[in-house]
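Working notes for the structure below.
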Amino acid sequence: MNSLTDLTIARSRDGLDKGDFSAVELAEAHIAAVEAARDLNAFITETPELALERAKASDERRAKGAAASAMDGIPIAVKDLYCTDGVATTAGSHILEDFTPPYESTVTQNLKEAGAVMLGKTNMDEFAMGSANITSYHGNVINPWKLDDGKDRVPGGSSGGSAAAVAGHLALGGAGSDTGGSIRQPASFSGIVGMKPTYGRCSRWGMVAFASSLDQAGPMTRTVEDAAIMLQSMVSHDKKDSTSVDQSIPDFAAALTSNIKDLKVGVPKEYRLDGMPGEIETLWQQGIEWLKAAGAEPVEISLPYTKYALPTYYIVAPAEASSNLARYDGVRYGLRVEGDSLDEMYENTRGQGFGAEVRRRIMIGTYVLSAGYYDAYYVKAMKLRTLILQEFQQAFEGVDVMLTPTAPSPAFAIGEKLDDPVQMYLNDVFTVPASLAGLPAISVPGGLSDEGLPLGLHLITKPFDEETLFRVGGVLEEAANFTAQPSYLEGVA
Amino acid sequence: MDKATVLNIAKLARIKVSESETENLAGELTNIFDWIEQLNEVNTDNVEPMTSVVAMAMPSRTDEVNDGADAERVLQNAPDRPADAQGNPLAFYVVPKVVE
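Written out as structure tokens, the structure reads:
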């Protein structure tokens, strides 16, 4: 392993600073990797010319001693729901197939100003609705982790393209988005780090909306330190997003001190599910031991409302989605399918423009918001959400951080879990509670399943305490010493 | 949830669903809502519905124009844009007929 695509963001920055290689060379190596890995279907749109242009500008800045940030010259993959000025943005949907935004999202603008080099726009579940990246209009993404059974596995979702790009060494970092686990679950399935900051840390302006009270941008990287470096260039207080929070921004990477002595780690007993594979439980126990060995104090805690988080989420998120996606009506932009009347044009456009999962969720949302059902479903769910938040707040009076598994299984084969939507929804059972409470959380690779697929460990902290998340995540990473590589890379070198 | 309910929701959502899809959706949505029913186990009588996960005051700004006069960019993705005699796009787009 000595190729430029095998580096981390931190090592690349050091190499660029020392002049070991240029940003253009780094970009060229990654552009070649992206082109050679089209079988993974990780990208919807590749932007090699744009990448080289930005890499060249980065080299010029560095030559003048004026690198914009630690991300200057770093090649990244951007989920295709960030609006990018002049670059197609589809959100994985037919309805936006020909949409090219005339403006840049705040998060990608921040990354651009930090000097990051965008390699392209990554594949995703349509409108970020899915946990396996099998609902994209642009086809399934293939997980770079393969077993010798010849089956293609899902990379998780919805940020599956960014996960596959980072795991497959096509990019040093990926911008993802997380509504109920869409950064953390694919990170677990793909053997990388995925981090969702506190709701409000990153601006949602210019991100294609799924569920506005839950959507949050975050980094996907190969190390915890890289996640801290990349997050630094994504966050900002943005007047264009009224839920963006005016909060001081710490130096996230500086939080990686390895010192977690006397930190109290909550282990919520309700995350132990009936029928959960033994390997998930084993890794979780291992994680507890690792943190204990580093000087932390594990504390068993109880979060009794945990089991209600997922059904609550499946009222709240579809309700917000049905409202947000009402804008796709074929009138002003996007796909238009003609009909004999205006209503028929709407129905044809939306019937053909949206895939089955998006149609299903819009219909769930429409139903729970419809007259006569609003109180029974939507208001009920928002009350549950209050209880879930309060339960977290009370628990955090006694602990500093919580440790749970990220997902209840390793990556499954494409085609499995299709019969019953509820079975697919259960992928997010451990990630959704933190989403409903707006809490920061991270998935760190912990080890391999019995079959040899990656499994993640999940940490949750208090609002705006991302530093503790990175500090504890760094300790877990060091203890896990996860050096396994996806088998896809063996065929590449 | 029966087929008539599914068709009504589809109409409210302005989504065309085929006959065969209606049948599947009725089954799937019934399963999903049966699963959601477990929320009724929780007594929420004296609980306030959540309005925001982060306690913050709603920001406000001065009511003044801070953007605009950019018709070309605004209309860039319009699906039906007429042109003048010289072939230059006009600064409006055609919407489907709304009034019969």
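Residue numbers (my numbering), protein chains in the order written: chain A, 1 to 493; chain B, 1 to 100. Where a beta carbon is used, it is the ideal one built from N, C-alpha and C, also for glycine.
Quiz item: Hey, which unbroken runs of the beta strand (DSSP E) at 3 residues or more fall wholly within the stretch 249 to 285 of chain A?
Solution: With a minimum length of 3 residues, the continuous beta strand (DSSP E) runs that stay inside the stretch 249 to 285 of chain A are 264 to 268.
Quiz item: What residues in the stretch 397 to 425 of chain A have a beta carbon less than 7 Å from any beta carbon of chain B?
Solution: Cβ contacts with chain B come from 420, 421 and 422.
Quiz item: What span of residues does the beta strand (DSSP E) with residue 119 of chain A cover, start to end?
Solution: Where residue 119 of chain A is concerned, the enclosing beta strand (DSSP E) starts and stops at 117 to 122.
Quiz item: Which one of A/411, A/313, A/336 and A/168 has the shortest CA to CA distance from residue 388 of chain A?
Solution: Comparing alpha carbon positions, the residue from A/411, A/313, A/336 and A/168 closest to residue 388 of chain A is A/313.
Quiz item: Can at least three beta-carbon pairs, one atom from the stretch 433 to 447 of chain A and one from the stretch 188 to 207 of chain A, be found at a separation below 8 Å?
Solution: Contact between the stretch 433 to 447 of chain A and the stretch 188 to 207 of chain A is present, because at least three Cβ pairs lie under 8 Å.
Quiz item: Taking three-plus beta-carbon pairs below 8 Å as touching, is the stretch 36 to 56 of chain B in contact with the stretch 67 to 86 of chain A?
Solution: They do not touch, by the three-pair rule.
Quiz item: Among A/214, A/248 and A/295, which residue has its Cα nearest to the Cα of residue 263 of chain A?
Solution: Comparing Cα-Cα distances from residue 263 of chain A to each of A/214, A/248 and A/295, the minimum goes to A/295.
Quiz item: Do you know offhand how far residue 326 of chain A's Cα is from residue 402 of chain A's?
Solution: Cα to Cα, residue 326 of chain A sits roughly 37 Å from residue 402 of chain A.
Practice problem: Output the boundary residues of the beta strand (DSSP E) element that contains residue 454 of chain A. | Solution: Start and end: 454 to 461.
Exercise. For residue 81 of chain B, return the contacting residues in chain A, with the cut-off set at a CB-CB distance below 7 Å.
Key: Within chain A, no C-beta atom comes nearer than 7 Å to that of residue 81 of chain B; the closest sits roughly 11 Å away.
Quiz item: So, helix, strand or coil for residue 97 of chain A, using DSSP?
Solution: Coil.
Practice problem: Take every Cβ of the stretch 107 to 120 of chain A, pair it with every Cβ of the stretch 27 to 45 of chain A, and state whether three or more of those distances are shorter than 8 Å. | Solution: Below 8 Å, enough C-beta pairs join the stretch 107 to 120 of chain A and the stretch 27 to 45 of chain A to call them touching: three or more.
Practice problem: Taking 9 Å as the cut-off, decide whether the C-beta atoms of residue 280 of chain A and residue 408 of chain A are in contact. | Solution: Between residue 280 of chain A and residue 408 of chain A, the CB-CB gap stays under 9 Å.
Practice problem: Name the residue from A/394, A/315 and A/390 whose alpha carbon lies nearest to the alpha carbon of residue 425 of chain A. | Solution: Ranking the options by Cα distance to residue 425 of chain A, first place goes to A/315.
Quiz item: Cα-Cα, which of A/52, A/135 and A/36 is closest to residue 168 of chain A?
Solution: Of the listed residues, the one whose Cα sits closest to residue 168 of chain A is A/36.
Quiz prompt | residue 30 of chain A vs residue 10 of chain A beta-carbon contact at 9 Å | solution = No.
Self-check item: Three-state class that DSSP yields for residue 22 of chain B in the structure shown
Solution: Reduced to three states, the DSSP call for residue 22 of chain B is helix.
Practice problem: Count the other CB atoms, across all protein chains shown, that sit within 10 Å of the CB of residue 92 of chain B; report buried if there are 16 or more and exposed otherwise. | Solution: Flag for residue 92 of chain B reads exposed.
Self-check item: Listed by chain order, chain A residues near residue 22 of chain B by CB distance under 9 Å
Solution: By Cβ distance, chain A contributes nothing, its closest Cβ being about 11 Å from residue 22 of chain B, past 9 Å.
Quiz item: Taking the Cβ atom as the reference point for each residue, do residue 273 of chain A and residue 252 of chain A lie within a distance shorter than 9 Å?
Solution: Cβ distance not < 9 Å, so residue 273 of chain A and residue 252 of chain A don't count as in contact.
Self-check item: Collapsed DSSP secondary structure at residue 95 of chain B in the structure displayed
Solution: It is coil, neither helix nor strand.
Quiz prompt | Interface partners of residue 76 of chain B on chain A, CB under 9 Å | solution = Against chain A, a Cβ distance below 9 Å from residue 76 of chain B picks out 100, 101, 102 and 333.
Exercise. Give a yes or no on whether the minimum CB-CB distance between residue 91 of chain A and chain B is below 9 Å.
Key: No, residue 91 of chain A lies away from the interface with chain B (no Cβ there is under 9 Å from its Cβ).
Practice problem: At 4 residues or longer, and completely inside the stretch 132 to 197 of chain A: list those alpha helix (DSSP H) runs for me, N to C. | Solution: Counting only runs of 4 or more, we get 160 to 167 and 184 to 190.
Practice problem: Please confirm if residue 137 of chain A has its CB atom under 9 Å from at least one CB of chain B. | Solution: Among the residues facing chain B, residue 137 of chain A is not included, as its CB has no counterpart in that chain under 9 Å away.
Quiz item: Under a CB-based cut-off of 9 Å, is residue 432 of chain A close to chain B?
Solution: False, the Cβ-Cβ gap to chain B never drops below 9 Å.
Quiz item: If you check the beta carbons only, do residue 474 of chain A and residue 258 of chain A fall under 9 Å apart?
Solution: Taking 9 Å as the cut-off, the Cβ atoms of residue 474 of chain A and residue 258 of chain A count as close.
Practice problem: With a threshold of 16 other CB atoms inside 10 Å of the CB of residue 45 of chain B, please say whether the residue is buried or exposed. | Solution: Exposed, because fewer than 16 other Cβ atoms sit within 10 Å of the Cβ of residue 45 of chain B.
Self-check item: CB contact below 9 Å: residue 3 of chain B versus chain A
Solution: Answer no: the Cβ-Cβ gap between residue 3 of chain B and chain A never drops below 9 Å.
Exercise. Put residue 223 of chain A into one of helix, strand or coil per three-state DSSP.
Key: DSSP places residue 223 of chain A outside both helix and strand once states are collapsed to three, so it counts as coil.
Practice problem: Using a Cβ cut-off of 9 Å (strictly closer), state whether residue 44 of chain B contacts chain A. | Solution: Yes - at least one Cβ of chain A is within 9 Å of the one on residue 44 of chain B.
Quiz prompt | Runs of alpha helix (DSSP H) lying entirely within the stretch 360 to 416 of chain A, each at least 4 residues, in chain order | solution = Within the stretch 360 to 416 of chain A, the runs of alpha helix (DSSP H) at least 4 residues long that lie entirely inside it are, in chain order, 380 to 395.
Exercise. Since I believe residue 129 of chain A is in contact with residue 79 of chain A (beta carbons under 8 Å), could you give me their beta-carbon distance rounded to a whole number of angstroms?
Key: So it is not a contact: roughly 13 Å between Cβ atoms.
Quiz item: Using a Cβ-Cβ distance under 9 Å, would residue 242 of chain A count as near chain B?
Solution: Chain B, which has a Cβ nearer than 9 Å to the Cβ of residue 242 of chain A, makes this yes.
Quiz item: Do the CB positions of residue 367 of chain A and residue 15 of chain B come within less than 9 Å of each other?
Solution: At least 9 Å separates the beta-carbon of residue 367 of chain A from that of residue 15 of chain B.
Exercise. Give me the Cα-Cα distance between residue 74 of chain B and residue 406 of chain A, rounded to the nearest whole angstrom.
Key: Whole-angstrom Cα-Cα distance: 42 Å.
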